[in-house]
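What follows is one structure encoded as structure tokens, with my remarks underneath.
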Amino acid sequence: MPVLVMKFGGTSVADLGRIANAAEKVRREVERGYDVIVIVSAMAGKTNELVKWVSETSTFYDAREYDAVVASGENVTAGLMALRLQEMGIPARSWQGWQVPINTTRQHGAARFLSIPRDNIDHKFAEGMKVAVVAGFQGLSPEGRVTTLGRGGSDTTAVAFAAAFGAERCDIYTDVDGVYTTDPRIAKKARKLDKISYEEMLELASLGAKVLQTRSVELAMRYKVRLRVVSSFEDIDETSGTLVCDEDEIMESKAVAGIAYSREEAKVTLFTIEDRPGIAAAIFGPLADAGVNVDMIVQNISEKDYDEAHPGAVTDMTFSCPIDQVGRARKAMEDAKTRGLIKYDELIIDDDVAKVSVVGIGMRSHAGVAARMFEALSRENINIKVISTSEIKISVLIDRKYMELAVQALHDTFELERA
1 MPVLVMKFGG
11 TSVADLGRIA
21 NAAEKVRREV
31 ERGYDVIVIV
41 SAMAGKTNEL
51 VKWVSETSTF
61 YDAREYDAVV
71 ASGENVTAGL
81 MALRLQEMGI
91 PARSWQGWQV
101 PINTTRQHGA
111 ARFLSIPRDN
121 IDHKFAEGMK
131 VAVVAGFQGL
141 SPEGRVTTLG
151 RGGSDTTAVA
161 FAAAFGAERC
171 DIYTDVDGVY
181 TTDPRIAKKA
191 RKLDKISYEE
201 MLELASLGAK
211 VLQTRSVELA
221 MRYKVRLRVV
231 SSFEDIDETS
241 GTLVCDEDEI
251 MESKAVAGIA
261 YSREEAKVTL
271 FTIEDRPGIA
281 AAIFGPLADA
291 GVNVDMIVQN
301 ISEKDYDEAH
311 PGAVTDMTFS
321 CPIDQVGRAR
331 KAMEDAKTRG
341 LIKYDELIID
351 DDVAKVSVVG
361 IGMRSHAGVA
371 ARMFEALSRE
381 NINIKVISTS
391 EIKISVLIDR
401 KYMELAVQAL
411 HDTFELERA
């Protein structure tokens with residue numbers, strides 16, 4: 001039988017009624033002739049509750065026990081889903097990570113997949129099981145301990161199973177009915193996309209779109225897993241949702257597919273640093289060691305012989321990072337200065353900025369996207385602080401108060417409401 005993977009997030013299995021609704025969707029796929037692997041998250045709010053219990057029990061907790069506790073949320077959902085399917089007359093079994101087994105690395109709280117052997121589940125399918133309900137977000141370390149994959153890990157689990165079992169498709173059921181050109185809460189003209197390429201989805205996910213977890217899209221792109229984002233709360237058919245697929249499946253691409261944004265950004269500038277070989281490594285090495293995720297980077301043209309106090313060439317370096325990592329970034333730079341790795345006159349942090357990005361594989365064949373983007377922002381009197389580009393993306397840092405205006409203006413400029 002062909003295999004279909006279906007993943008249900010926390011809001012889709014938030015209570016017994018929603019579990020029953022999800023089970024009905026599974027039943028329909030079984031009736032269409034699929035062997036189904038269902039990946040489930042913990043019921044909405046349960047993971048946060050479990051994390052809170054761990055923190056209240058132990059300030060400096062053992063990461064192995066943290067994973068043992070937090071992974072239990074998915075186990076409960078898997079068991080309840082299997083029971084519901086059995087009540088509907090569908091042969092179903094629940095599977096915890098260690099039972100498959102889902103083999104992962106030993107990094108508790110942030111494990112990575114090593115392998116997913118098919119033998120156990122294939123054997124049960126051969127015996128007549130129609131649905132394997134697998135607890136997402138978890139796996140098994142080389143030492144035989146429960147591991148977890150980090151937030152959003154159930155999406156990644158679903159894609160990994162689709163790759164391992166050669167699934168026809170991986171359907172991600174969530175509380176939205178697909179991927180939109182931008183956030184409909186900001187731009188009322190936002191349009192649901194029928195298809196989007198892996199590359200575009202990866203950029204949008206990494207830039208702030210929260211429909212899919214970034215690691216899951218990376219995995220789907222690597223193994224060519226066809227992903228479909230659909231609503232848990234609507235009746236669906238083969239045309240529902242948004243298909244995330246290879247760009248070869250998309251007949252014609254517009255220059256821009258979507259607008260992404262991130263409110264939680266900060267801009268960090270080091271003034272009058274030495275302009276010499278190795279200075280970038282001296283700055284960004286300590287930042288990496290401190291776990292700071294640097295995004296946009298700008299280095300000014302150097303000024304020769306700045307003054308008597310700064311002999312030789314000097315320059316300024318600006319980068320962006322998540323706002324919750326500003327403290328680590330500041331400490332890393334101050335420590336690097338104390339250790340003599342770098343010299344700078346001043347470190348200025350602007351934590352009132354936002355990042356707005358236009359994304360589209362069509363940029364490869366359409367000229368003038370940057371010019372249109374900058375003209376649109378200029379018309380709204382929005383000043384650009386930092387710019388970064390890639391082959392299919394242009395991102396800018398702007399004052400946070402203009403973020404929604406910028407998203408709306410760019411959505412209109414590129415006429416994304418039109419198919």
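One point on numbering: in this note's numbering, the residue at position 17 of the sequence shown is 17, and numbering is uninterrupted.
Built from N, CA and C at the ideal position, the CB exists for glycine as well.
These numbers come from a predicted model, not from an experiment.
DSSP beta-bridge partners for Lys393? Val359, Ser390
Sequence-distant residues of its chain with Cβ nearer than 6 Å to Met201 (five each side left out): Val217, Val244
Tell me the DSSP bridge mates of Pro322? Glu265
Any contact between the stretch 126 to 135 and the stretch 33 to 45? By contact I mean 3 or more CB pairs, one from each, below 8 Å. yes
Three-state secondary structure (DSSP) of Gly9: Reduced to three states, the DSSP call for Gly9 is coil.
For the structure I just gave you, are there three or more beta carbon pairs, one from the stretch 350 to 367 and one from the stretch 260 to 278, closer than 8 Å? yes
What are the start and end residues of the alpha helix (DSSP H) that includes Trp53? 46 to 57
Sub-8 Å separation of Glu234 and Asp177 beta-carbons: Glu234 is a Cβ neighbour of Asp177, given a cutoff of 8 Å.
Report the three-state DSSP secondary structure of Thr239 (helix, strand or coil). coil
Given that a residue counts as buried once 16 or more other Cβ atoms are within 10 Å of its Cβ, and exposed if not, what is Ile301? Classified as exposed, Ile301 has fewer than 16 neighbouring CB atoms from the shown chains inside 10 Å of its CB.
Option nearest Asp324 by Cα separation, candidates Asn293, Glu143, Thr315: Among Asn293, Glu143, Thr315, the Cα nearest to that of Asp324 belongs to Asn293.
8 Å Cβ cutoff met for Leu207 and Lys355: yes
Leaving out five residues before and five after Arg93 in sequence, what residues of the same chain have Cβ atoms less than 8 Å from its Cβ? Ala82, Lys124, Met129, Val131, Ala132, Val133
For the candidate residues Lys343, Ala290, Leu397, whose alpha-carbon lies nearest to that of Ser320? Leu397
Check the C-beta distance from Leu212 over to Val229 and give it rounded, since I have them as a contact under 8 Å. 7 Å
Gln213 by DSSP, collapsed to three states: which one? coil
Val407 vs Tyr180 beta-carbon contact at 8 Å: no
Is there contact here, the stretch 158 to 174 with the stretch 3 to 12, by at least three beta-carbon pairs under 8 Å? yes
Contact between the stretch 142 to 159 and the stretch 89 to 107: three or more CB pairs below 8 Å? With the cut-off at 8 Å, the stretch 142 to 159 and the stretch 89 to 107 touch.
Output yes or no for whether 8 Å exceeds the beta carbon distance between Gly109 and Asp62. Taking 8 Å as the Cβ cut-off, Gly109 and Asp62 do not qualify as a contacting pair.
Contact between the stretch 272 to 281 and the stretch 370 to 379 (3+ Cβ pairs under 8 Å): no
Grab the span of the alpha helix (DSSP H) containing Gln86 for me, first residue to last. 72 to 87
Verify whether the separation of the beta carbon atoms of Leu219 and Ala255 is less than 8 Å. A distance of 8 Å or more separates the beta carbons of Leu219 and Ala255.
Gly139 - partner residues in DSSP beta bridges: Gly139 pairs with Thr147.
As a quick exercise: from Gly152, Ile116, Glu127, Ile121, pick the residue whose alpha carbon is nearest that of Ser141. Of the residues Gly152, Ile116, Glu127, Ile121, the one whose Cα lies closest to the Cα of Ser141 is Ile116.
When burial is assigned at 16 or more other CB atoms within 10 Å of the CB, is Ser232 buried or exposed? buried
Mind checking which residues open and close the alpha helix (DSSP H) that includes Leu227? No alpha helix (DSSP H) holds Leu227; the beta strand (DSSP E) holding it covers 227 to 231.
Cβ shell of Ala163 (< 6 Å), same chain only, five flanking positions each side left out: Tyr223, Val225
Quick one, are the C-beta atoms of Gln138 and Glu74 less than 8 Å apart? yes
Taking a contact to mean a Cβ-Cβ separation below 8 Å, would you say Gly285 touches Arg328 in this structure? no
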